[in-house]
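Single-structure report; data block below.
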Amino acid sequence: MTEYEDGEARGTLLVIDGHSLAFRAFFALPVESFSTAQGKPTNAVWGFASMLSQVINAERPDHLAIAFDVKGGTFRNTMLPQYKGTRDAAPQDLLDQLPLIQRMLDALGVTYIEKPGYEGDDIIGTLATMGEQARYRTLVLSGDRDAFQLVDDWVTVLYPGYHFKDLKHMTPDEVFAKYHVMPAQYPDLAALRGETADNIPGVPGVGDGYAAKWIGKYGSLEALIEHADDIGGKKGEALRANLDQVRLNRKVNALVRDVDLGVTVEDLTFGQVDVDKLDALFDELEFGARTKNRVLKTFNNEETAKTQAAQPQQDENIVLPNGQRAHDVKELRDWASAHLPAPVRRPDVGELPSGNDEATSGIDHSARCSEAIEHSWVLNACGNAKPGRVSTSSVTLLCAGEALVLQAPLDEDLRDALGGIIDAHASGMVVHGYKEQLHLFSALGLALPYPLFDTELAGYLAQPDFHAESLEQAASHFLDIHADQDEPATQGMLDLGADGDVDSDPDAGKLKHAAIIAALARFLAPKLDMCEQFGLLQTLELPVSRVLQKMEAQGAKVDTQRLKDMRDGFAADARQAQEIAWQWAGREVNLQSPKQLSEVLFEDMGLKPTKRTKKGAYTTNADALQTLYMRSVNDERANGFLGALLRHRETNKLKQIVGTLIETINPFDGRIHTTFEQTVAATGRLSSADPNLQNIPNRNAVGREIRSAFIPGEGYESLVSCDYSQVELRIMAHLSGDEALIEAFRSGVDFHRYVASLVHQVPVDQITADQRTHVKAMSYGLAYGLSSYGLAQQLKINPGEAEALKQKYFSTFGKVRDFLESCVSEARRRGYTETMFGRRRYFPALHSTNRSAREAAERAALNAPIQGSAADIMKVAMIRASRALQEAGLKSRIILQIHDELVVEVVPGEAQQVTELVRNAMETAVRLDVPLDVSTGIGADWQLAAH
Ligand code: CTP
């Protein structure tokens, strides 16, 4: 507006398209990470607050208004019924958050405006016009390109890029550079081109380029329409055929700029935060103090800033401690006596009572730790904790903001002094990852006593469904230090405030880690108390860490040559299968390429495809190939090709599994040192990584062959394997109390056959192999939370038959059905499931409005108590077995835990005793209403030890 060109702006007005911001926030942040404990999604609110803060901090406006659409159509729908018709209805999870966003804006003292019959865009058009008329530099934040028509010397549109923070400032020059029209001509251009996002068709074949050329030539859309007959060619024809549509488009995309909003720009100040309202809302949404402080920092006035400063929040306390180094014993002792809390006597934690009493009673669910954490200190060794390759670089001690760093290697005196201090103060010691710390300290020649608290295990017990890869991730998750959602690269980075200059101090990284551990402990201790998990931490998880660390350090000996031969064999098989496949195909296709496979199968061979992938191509996944293979029995060429292809896939996969095993053999001792993951599986089960031993196939010939490469090491004679049989089903029988199922276990008859005879009501000896297999799969399917559909797939029967079998099963074992249903309903009521040992798992998604998320949560909740109890039982067994071997003074040692199996490496003469001790430890880990059956075997390799 030229009349203002030389004028001074009176201030900056920021106008925001509220819906577009809420949409963006909703789709940028995963609901799973942003929900309350009750499953209420909060991602859009959190993201909205975060983006709003960002833009305010960047632009520093002094006036602010946010426009929202209201429900119901607008005058645009009356003109153009399909307007915005292709847009998916906003997800309910997002719609539910809009009122919360508005409540937040209320609390923040920000004006938001909605006007029935108008879109947010018209409110924006009006506010922008008011802004420039009142001589405000006016910024319009909108992801809708129609807003470009508002741009002039006073109005700039902030248009978000791929990353939200890359807001493009669309000035007249920018609009021209991009579209070759002036901002006022932009709606003319858009009318010709159409707008897919709004379901507005344009002139076919005409894009921005042509539209701009025409508008440039004729000056405006109106003039162009007048000259429509002068335009030749296909495009001219298309234009003439669509004139009505274009005219309509132009009407629809014009923003109304004079809606009566009943406010003036002067009214649109902000910054009067109602802290109580904000607190109430953020508490309800379970946002942490850091989020609140960040928002307050952006919006607050002086006063709120002061009240905040006077009440430092717990999770704001991550400031670098004062650090110093100790070089000799005196410095270490002086520091310890000046800073560490006085040692407290306590019974040694982490030992299950021995004997045959119920192990569950060994766990004290009333044990609490919050108070003890107040007087705790942090011990943290740094280095490489990978089993078989452990090296330790430093040790940090931290107490009450004072830290001491010891640089490795430690001389003998210093090491002994450190050991003495650790032993004396273990009752108040906090570590992150006891198992890793055990490795790192053992590399220094020190045994690490049980600590008071482990922040890694505690995080897992508090929230088993969240797994932190690193200390930073744990801090970011639990301490509400969210990285900017648009900057994945900085995910997990911590803002330590001005006190932490990590670059200039060589020890700053170590101090930072120790400080985070202290903060995590303060945060997690009350959580564990609240959900009664501290007893499990002390009595189960920490002792299991100790057993696992020993197993990892020992590793399992393998016959390298045998594995190499196996790999070469699989490689040769794979090559041969490839040759055969090529012969059938008549050319050298790349068997790994879905595109090339598609060509061969569906074009050359003319097979009927099964399904399409998300991208629209025909799927060539394992299931599809299997189906095609079965369907093609009468087509020799296709069947030959598919057979060879399947064989190629299988052998190639095995080659890779064996290849990974070979790669991970430690060159110094010829052993494989896997890492047992104690905090990954949400059920409570252990898993293994690097290499993952659980993906060694279980029951087929190849799996057996691979197992045969695991052998006793030097000085050892054999391997003993002890395996729980049907442990999940026994737990299901016990927990449900179903008399018929319990009797099935006590009867001594083959369990699956017995169950099948009850289900089908035929005598045991008339049960067919198929009936047994189906009922067996049904039993496991229930214990694993398998859907009828999943069961049907596994058994290759139709879902109706699977469902019928399930109903028959349930009518035989009614208490099983009741029990499984009660798992879900209890979880819905309490928010969590519980195992026999009190391990909890929370299921916020049970209340999700998203059906598939809810159903997945239901299946998981149904299976969590069974799976989790099986996990607990195995852990108790490991602790007991390990202690039994030790107490008997045996040299044999447990080396592997896989699925429900323990493998022991046995010295000559101990096999019998080992078998008895381990079997007894496993069978008596818990007392169930059915026997816990353990099968055992002894052999010269793992396969021969199998039974
Ligand atoms: N399993 C499964 N689903 C099946 C079959 C087996 O999930 N349909 C899993 C279970 O975890 C089970 C393990 O595989 O514990 C071992 O299977 P298997 O030895 O066949 O189980 P058993 O019940 O001992 O059967 P069987 O009496 O036939 O040996």
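Reading the sequence shown from the start, the letters are residues 1 to 947 in the UniProt record's numbering. Virtual Cβ for every residue (Gly too), placed ideally from N, Cα, C.
Is His752 near ligand 1, judged by its Cβ being under 7 angstroms from some heavy atom?
Position 752 of the sequence shown, counted from the start, is the residue given in the question as residue 752. For His752, the distance from the CB to the nearest heavy atom of ligand 1 is below 7 angstroms.
Option nearest Leu239 by Cα separation, candidates Ala254, Arg193 and Leu281:
Mapped onto the sequence shown, residue 239 falls at position 239. Measuring from the Cα of Leu239, the nearest candidate turns out to be Arg193.
Taking only the alpha-carbon atoms, compute the straight-line gap between Asp604 and Asn639 and give it to the nearest angstrom.
Locating residue 604 in the sequence shown gives position 604, counting from the first residue. Locating residue 639 in the sequence shown gives position 639, counting from the first residue. When rounded, the separation of the alpha-carbon atoms in Asp604 and Asn639 is 13 angstroms.
Alpha carbons only, please: which of Leu537, Tyr809, Gln554 and Val390 is nearest the one belonging to Gln678?
Here residue 678 refers to the residue found at position 678 of the sequence shown. For the set Leu537, Tyr809, Gln554 and Val390, the Cα lying nearest the Cα of Gln678 is the one of Leu537.
At which residues does the beta strand (DSSP E) containing Thr384 begin and terminate?
The count along the sequence shown starts at 1 and reaches residue 384 at position 384. The amino acid at residue 384 is misidentified as Thr; the sequence shows Asn. Residues Trp377 to Asn384.
Thinking C-alpha only, which one of Ala802, Ser393, Gly715 and Gly814 is nearest Ala737?
Taking the first residue of the sequence shown as 1, we reach residue 737 at position 737. Reading the sequence as shown, one finds Gly at residue 737 and not Ala. Out of Ala802, Ser393, Gly715 and Gly814, Gly814 has the C-alpha closest to the C-alpha of Gly737.
Three-way DSSP call (helix, strand, coil) for Thr915 in this model:
The count along the sequence shown starts at 1 and reaches residue 915 at position 915. Under the three-state reduction of DSSP, Thr915 is assigned to helix.
Under 7 angstroms: does the beta carbon of Tyr780 sit that close to some heavy atom of ligand 2?
By its list of ligands, the structure shown excludes ligand 2, since it contains just ligand 1.
Any non-hydrogen atom of ligand 1 closer than 7 angstroms to Ser725 Cβ
As a working note, residue 725 is residue 725 in the sequence shown. Yes, the Cβ of Ser725 comes within 7 angstroms of a heavy atom of ligand 1.
Go ahead and label Lys655 buried or exposed: buried means 16 or more other beta carbons lie within 10 angstroms of its beta carbon, across all protein chains shown.
As a working note, residue 655 is residue 655 in the sequence shown. Around the beta carbon of Lys655, 16 or more other beta carbons lie within 10 angstroms, which makes this residue buried.
Is DSSP giving His169 helix, strand or coil here?
By one-based count along the sequence shown, residue 169 stands at place 169. In the structure shown, the three-state DSSP call for His169 is strand.
CA-CA distance, Ile894 and Leu461?
Start at 1 with the first residue of the sequence shown, and residue 894 comes out as number 894. Start at 1 with the first residue of the sequence shown, and residue 461 comes out as number 461. Roughly 25 angstroms between the two C-alpha positions.
Would you identify the three-state DSSP class for Met836, choosing helix, strand or coil?
Taking the sequence shown and counting its residues from 1, the one referred to as residue 836 is at position 836. For Met836, the secondary structure class from DSSP, reduced to helix, strand or coil, is coil.
Excluding five sequence neighbours on each side, which residues of the same chain lie with their C-beta closer than 8 angstroms to the C-beta of Ala212?
As a first step, residue 212 must be located in the sequence shown, where it is residue number 212. Answer for Ala212: Tyr179, His180, Val181 and Leu189, listed in chain order.
Three or more C-beta pairs under 8 angstroms: does that hold for the region 831 to 848 against the region 780 to 794?
Here the region 831 to 848 makes no contact with the region 780 to 794; the two share fewer than three CB pairs at distances below 8 angstroms.
What does a CB cutoff of less than 8 angstroms around Lys306 pick up in its chain, not counting 5 residues either side in sequence?
Start at 1 with the first residue of the sequence shown, and residue 306 comes out as number 306. For Lys306, the predicted structure reports a pLDDT of 44, less than 50, and the residue's modelled location is therefore unreliable. A value from the coordinates is still provided. Excluding its 5 nearest sequence neighbours in each direction, Lys306 has no C-beta neighbour in its own chain below 8 angstroms.
How is Ile672 classed by DSSP in three states: helix, strand or coil?
Here residue 672 refers to the residue found at position 672 of the sequence shown. Reduced to three states, the DSSP call for Ile672 is strand.
Return yes when the C-beta of Ala870 is under 7 angstroms from any heavy atom of ligand 1, and no when it is not.
Along the sequence shown, one-based indexing puts residue 870 at 870. Answer for Ala870: no, Cβ out of range of ligand 1.
Would you say the beta carbon of Tyr809 comes nearer than 7 angstroms to a heavy atom of ligand 1?
The count along the sequence shown starts at 1 and reaches residue 809 at position 809. No; taking the cut-off as 7 angstroms, the Cβ of Tyr809 has no heavy atom of ligand 1 nearer than that.
DSSP has Asp454 in a bridge; who is on the other side?
In the sequence shown, counting from the first residue as 1, residue 454 sits at position 454. Answer is Val431.
Return yes when the C-beta of Glu599 is under 7 angstroms from any heavy atom of ligand 1, and no when it is not.
Within the sequence shown, residue 599 is the residue found at index 599, counting from 1. Because no heavy atom of ligand 1 lies under 7 angstroms away, the Cβ of Glu599 does not count as near it: no.
How would you call Val175, buried or exposed, if buried means at least 16 neighbouring beta carbons within 10 angstroms?
Residue numbering aside, residue 175 sits at position 175 when the sequence shown is read from its first letter. Looking at its Cβ environment, which holds 16 or more other Cβ atoms inside 10 Å, Val175 is buried.
Arg893 - DSSP class collapsed to helix/strand/coil:
The residue given as residue 893 occupies position 893 in the sequence shown. Here Arg893 sits in strand by DSSP.
Under 6 angstroms Cβ to Cβ from Ile421, same chain only, skipping five residues before and after it: list those, please.
The residue you call residue 421 lines up with position 421 of the sequence shown. Spatial neighbours of Ile421 in its own chain (CB-CB distance under 6 angstroms, excluding positions within 5 residues in sequence) are listed in chain order as Ala336.
Here's a check: name, in chain order, each residue in its chain whose Cβ is nearer than 7 angstroms to the Cβ of Thr664, leaving out the five neighbours to either side.
Within the sequence shown, numbered from 1, the residue matching residue 664 stands at position 664. The beta carbon of Thr664 lies closer than 7 angstroms to those of Ile672, Asp690 and Pro691 in the same chain, with the five residues before and after it left out.
Tell me which residues share the same chain as Arg919 and place their Cβ nearer than 6 angstroms to its Cβ, disregarding the 5 neighbours each side in the sequence.
One-based indexing of the sequence shown puts residue 919 at position 919. Cβ contact annotation for Arg919 (same chain, cutoff 6 angstroms, sequence separation greater than five): Cys722, Val934 and Thr936, in chain order.
With three or more beta-carbon pairs closer than 8 angstroms as the criterion, would you say the region 95 to 114 touches the region 132 to 145?
With a cut-off of 8 angstroms, the region 132 to 145 and the region 95 to 114 do not count as touching, because too few Cβ pairs lie within range.
Just confirm the distance between the C-beta atoms of Gly419 and Pro321, as a whole number of angstroms; I'd bet it's less than 8 angstroms.
In the sequence shown, residue 419 corresponds to position 419, counting from 1. In the sequence shown, residue 321 corresponds to position 321, counting from 1. Not confirmed; about 23 angstroms, so no contact.
Pairs of beta-carbons, one from the region 409 to 416 and one from the region 513 to 529, closer than 8 angstroms: are there three or more?
As far as the Cβ criterion goes, the region 409 to 416 does not touch the region 513 to 529, which means the pair count is below three.
Taking the beta strand (DSSP E) that residue 961 falls in, what are its first and last residues?
This structure does not reach residue 961, given that the chain is present from 1 up to 947, and the question cannot be answered.
Whole angstroms is fine: what's the gap from Arg250's alpha carbon to Glu195's?
As a first step, residue 250 is located in the sequence shown; it is residue number 250 there, counting from the start. As a first step, residue 195 is located in the sequence shown; it is residue number 195 there, counting from the start. Rounded to whole angstroms, the separation of the alpha carbons of Glu195 and Arg250 is 11 angstroms.
Answer with buried or exposed for Leu642, where buried requires no fewer than 16 other C-beta atoms within 10 angstroms of its C-beta.
Position 642 of the sequence shown holds residue 642. Per the 10 Å Cβ criterion, buried.
At a cut-off of 7 angstroms, would you count Tyr789 as near ligand 1, judging by its Cβ distance to the nearest heavy atom?
To locate residue 789, count along the sequence shown from 1; it is residue 789. Every heavy atom of ligand 1 is 7 angstroms or more from the Cβ of Tyr789, so no.
Expressed to the nearest angstrom, what Euclidean distance is found between the alpha-carbon atoms of Tyr754 and Pro464?
For the purposes of this step, residue 754 is taken as residue 754 along the sequence shown, with counting starting at 1. For the purposes of this step, residue 464 is taken as residue 464 along the sequence shown, with counting starting at 1. Whole-angstrom Cα-Cα distance: 36 angstroms.
Which one of Ser848, Ala921 and Gly909 has the shortest CA to CA distance from Ile873?
Here residue 873 corresponds to residue number 873 of the sequence shown, with the count starting at 1. Nearest option by C-alpha distance: Ala921.
Any heavy atom of ligand 1 inside 7 angstroms of the beta-carbon of Lys796?
To locate residue 796, count along the sequence shown from 1; it is residue 796. Distances from the CB of Lys796 to the heavy atoms of ligand 1 are all 7 angstroms or more.
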